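Residue numbers (the working numbering): 35 to 99.
Listed below in C-alpha cells is the structure:
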C-alpha cells in the first residue's frame, strides 16, 4: 500500500515474502537497502515492511485499486 499524506510525505506498507529464514541482522540490512532505494527512486519517506517466511497463500492474484 502506498499513500500520500501531503505534498511531501509518501508512505509505503508492504509484506516481503522470503523463501528462507534470515537473521535479524540480515533483515535489518535488507530493510535499510529497500528504504534507501524507495527514497532515492520514488521519494517515499516512511516504509513499513512485514517479513513473511514460507507463506503458502496464493501469489497469482494481484488486486489494484
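Don't be surprised by glycine CBs; every beta carbon is placed ideally from N, CA and C. All values derive from a computational prediction rather than experimental measurement.
Could you work out which residue in 39, 42, 40 and 54 is closest to residue 85 when comparing CA atoms only?
Taking the chain shown and counting its residues from 1, one reaches residue 85 at position 51. Ranking 39, 42, 40 and 54 by Cα distance to residue 85 puts 54 first.
Sort 56, 65, 88 and 59 by Cα distance to residue 80 and report the nearest one.
Here residue 80 corresponds to residue number 46 of the chain shown, with the count starting at 1. Per the Cα distances, 65.
Looking only at its chain, what residues have a beta carbon closer than 7 Å to the beta carbon of residue 38, apart from the 5 residues adjacent to it on each side?
Here the question's residue 38 lines up with position 4 in the chain shown. Taken in chain order, the residues that qualify are 44.
Roughly how many angstroms separate the alpha carbons of residue 46 and residue 75, rounded to a whole number?
Here residue 46 refers to the residue found at position 12 when the chain shown is read from its first residue. Here residue 75 refers to the residue found at position 41 when the chain shown is read from its first residue. Rounded to whole angstroms, residue 46 to residue 75 spans 13 Å at the Cα level.
Delimiting residues of the alpha helix (DSSP H) encompassing residue 58:
Along the chain shown, one-based indexing puts residue 58 at 24. Where residue 58 is concerned, the enclosing alpha helix (DSSP H) stretches over 58 to 76.
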